[in-house]
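Shown next, in structure tokens, is the structure this report addresses.
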Amino acid sequence: MAIVVAPTASSVGPRRRWLAAAASSSAASGKSSDDVKEALDQLRELGWAKRWSSQPYVSRRTTSLRELTTLGIKNAENLAIPSVRNDAAFLFTVVGTTGFLAVLAGQLPGDWGFFVPYLIGSISLIILAVGSVAPGLLQAEIGAFSTVFPDYQERIARHEAAHFLVAYLIGLPILGYSLDIGNEHVNLIDEQLQKLIYSGQLDGKELDRLAVISMAGLAAEGLQYDKVVGQSADLFTLQVLFAASLLKNNKAAHEALMSGMSQKASVLGCIEAIENAS
Numbered sequence: 088m089a090i091v092v093a094p095t096a097s098s099v100g101p102r103r104r105w106l107a108a109a110a111s112s113s114a115a116s117g118k119s120s121d122d123v124k125e126a127l128d129q130l131r132e133l134g135w136a137k138r139w140s141s142q143p144y145v146s147r148r149t150t151s152l153r154e155l156t157t158l159g160i161k162n163a164e165n166l167a168i169p170s171v172r173n174d175a176a177f178l179f180t181v182v183g184t185t186g187f188l189a190v191l192a193g194q195l196p197g198d199w200g201f202f203v204p205y206l207i208g209s210i211s212l213i214i215l216a217v218g219s220v221a222p223g224l225l226q227a228e229i230g231a232f233s234t235v236f237p238d239y240q241e242r243i244a245r246h247e248a249a250h251f252l253v254a255y256l257i258g259l260p261i262l263g264y265s266l267d268i269g270n271e272h273v274n275l276i277d278e279q280l281q282k283l284i285y286s287g288q289l290d291g292k293e294l295d296r297l298a299v300i301s302m303a304g305l306a307a308e309g310l311q312y313d314k315v316v317g318q319s320a321d322l323f324t325l326q327v328l329f330a331a332s333l334l335k336n337n338k339a340a341h342e343a344l345m346s347g348m349s350q351k352a353s354v355l356g357c358i359e360a361i362e363n364a365s
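By the count of this note's numbering, the sequence shown reaches residue 365 at its end, each step adding exactly one.
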């Protein structure tokens, strides 16, 4: 378990250093969002977690794509259009490979040269059928195949680090994260919050905060790339604008967090990267 103490020993007394270490340990081992929030609040009072919940207020207003463009979002008008880059590359590769193998199999002697090409060719038809009926079954394979793109891992790190950072700045505790292919996520929701969401008991302010966090990954990709890959079809322009603003104003922290998450740092190590970023 990582233990983080206050940055400078000279400016913090022994008791405050002990409290900071205890709060850090609690933040690292907390099993619920309330535990982690309480620990981070203590660290903020001690002067260490200065960025924690530094942007807690999210307001609603009418906005426009021009504001997104002015902020630095590239191709803001295309943010809501789902990218088919990874799907298309996977499909073309499967069709091309099976087609090539079918041609080679056609040179086999006797009946083998007749039946084997049909069997190989049917692979493409099966994948097309599965993709049409239950596309979720192919996501793991498509995700694994997408690693051939040189920017894929960087996109994942940038996307998930944005969720992490914006949640931290807004004041929503982070319980864990993963950059593993097919399981990329930042865990912000414990059982208590999950029950509130399912029962529809969350108030408007809490929903606004969750919406901004959910759009943070989209905003991060939009600030860096012309084409967004990891977006959600549910686009809230204002939430993207607010998330992009937070990310742009905390670019150094975002880059430091990306590096920490890519190295599989603990949640507390990621928080330390945010706080130590210049």
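C-beta: ideal position from N, C-alpha, C; glycine also. This one's a predicted model, so the numbers in the text were calculated from it and none came from an experiment.
**OP:** Report the option in 355, 193, 199 and 344 whose CA atom is closest to the CA atom of residue 241.
**Re:** For this step, residue 241 is matched to residue 154 along the sequence shown. Proximity to residue 241 across 355, 193, 199 and 344 peaks at 344, based on C-alpha coordinates.
Subject >> Residues near residue 239 by beta carbon distance below 7 Å, same chain, minus five either side >> reply: Along the sequence shown, read from residue 1 onward, the residue named residue 239 stands at position 152. For residue 239, the CB contacts under 7 Å within the same chain, skipping 5 residues up- and downstream, are 233 in chain order.
**OP:** State buried or exposed for residue 365, treating a residue as buried only when at least 16 other CB atoms are found within 10 Å of its CB.
**Re:** Position 278 of the sequence shown holds residue 365. That one is exposed.
Original post:
In three-state terms, what does DSSP make of residue 211?
Top reply: Here residue 211 corresponds to residue number 124 of the sequence shown, with the count starting at 1. Helix, per DSSP.
Subject >> 7 Å Cβ cutoff met for residue 313 and residue 161 >> reply: Numbered from its first residue, the sequence shown carries residue 313 at position 226. Numbered from its first residue, the sequence shown carries residue 161 at position 74. Judged by their CB atoms, residue 313 and residue 161 are nearer to each other than the 7 Å cut-off.
Original post:
Using CA coordinates, which residue listed in 310, 166 and 150 is at the minimum distance from residue 338?
Top reply: Residue 338 sits at position 251 when you count from the first residue of the sequence shown. Considering only 310, 166 and 150, the residue with the shortest C-alpha distance to residue 338 is 310.
Original post:
Hey, how far is the Cα of residue 183 from the Cα of residue 175?
Top reply: Here the question's residue 183 lines up with position 96 in the sequence shown. Here the question's residue 175 lines up with position 88 in the sequence shown. Taking C-alpha positions only, residue 183 is separated from residue 175 by approximately 12 Å.
Original post:
Under the DSSP definition of a beta bridge, which residues are partnered with residue 270?
Top reply: Indexing the sequence shown from 1 puts residue 270 at position 183. For residue 270, which the question treats as bridged, DSSP gives no partner whatsoever.
**OP:** Could you check how far apart the C-beta atoms of residue 245 and residue 293 are, in whole angstroms? I think they sit under 8 Å.
**Re:** Working through the sequence shown from its first residue, we reach residue 245 at position 158. Working through the sequence shown from its first residue, we reach residue 293 at position 206. Not quite, the Cβ-Cβ distance comes to about 26 Å (not below 8 Å), so this is no contact.
Subject >> Alpha-carbon spacing of residue 295 relative to residue 145, whole angstroms >> reply: Mapped onto the sequence shown, residue 295 falls at position 208. Mapped onto the sequence shown, residue 145 falls at position 58. C-alpha separation (whole angstroms): 7 Å.
Original post:
Is residue 249 closer than 7 Å to residue 334 when the C-beta atoms are compared?
Top reply: For the purposes of this step, residue 334 is taken as residue 247 along the sequence shown, with counting starting at 1. For the purposes of this step, residue 249 is taken as residue 162 along the sequence shown, with counting starting at 1. Annotated as proximal: residue 334 and residue 249, with beta-carbon spacing under 7 Å.
**OP:** Determine the burial state of residue 163: buried for a count of at least 16 other Cβ atoms within 10 Å of its Cβ, exposed for fewer.
**Re:** If you number the sequence shown from 1, residue 163 lands on position 76. Residue 163 is buried by the Cβ-count criterion.
Original post:
In whole angstroms, what is the alpha-carbon distance linking residue 132 and residue 172?
Top reply: Taking the sequence shown and counting its residues from 1, the one referred to as residue 132 is at position 45. Taking the sequence shown and counting its residues from 1, the one referred to as residue 172 is at position 85. Rounded to the nearest angstrom, the two C-alpha atoms are 46 Å apart.
Original post:
In terms of alpha-carbon separation, which member of 247, 270, 289 and 341 lies closest to residue 301?
Top reply: Position 214 of the sequence shown, counted from the first residue, corresponds to residue 301. The candidate whose alpha carbon is nearest that of residue 301 is 247.
**OP:** Specify the secondary structure class of residue 312 as computed by DSSP and reduced to three states.
**Re:** Looking up residue 312 in the sequence shown gives position 225. Of the three classes helix, strand and coil, the one that applies to residue 312 here is coil, per DSSP.
Original post:
Is residue 361 near the ligand SAH, judged by its Cβ being under 6 Å from some heavy atom?
Top reply: Only the bare structure without any ligand can be found here, which leaves the ligand SAH out of the picture.
Original post:
For residue 134, which three-state DSSP category applies?
Top reply: Position 47 of the sequence shown holds residue 134. In this structure, residue 134 counts as coil in the three-state DSSP scheme.
Original post:
By DSSP, does residue 265 sit in helix, in strand, or in coil?
Top reply: The residue labelled residue 265 in the question sits at position 178 within the sequence shown. Correct three-state label for residue 265: strand.
Original post:
Could you check where the alpha helix (DSSP H) with residue 345 kicks off and where it finishes?
Top reply: For the purposes of this step, residue 345 is identified with residue 258 of the sequence shown, where counting begins at 1. Note, residue 345: alpha helix (DSSP H), 338 to 349.
Original post:
Helix, strand or coil: which one does DSSP assign to residue 142?
Top reply: By one-based count along the sequence shown, residue 142 stands at place 55. Residue state, collapsed to three classes: coil.
Subject >> residue 354 burial status per 10 Å Cβ neighbour count (16 or more: buried) >> reply: The count along the sequence shown starts at 1 and reaches residue 354 at position 267. Its Cβ being crowded by 16 or more others within 10 Å, residue 354 is buried.
**OP:** Express the C-alpha separation of residue 191 and residue 208 in angstroms, rounding to a whole number.
**Re:** Within the sequence shown, numbered from 1, the residue matching residue 208 stands at position 121. Within the sequence shown, numbered from 1, the residue matching residue 191 stands at position 104. Spanning the two alpha carbons is a distance of roughly 12 Å.
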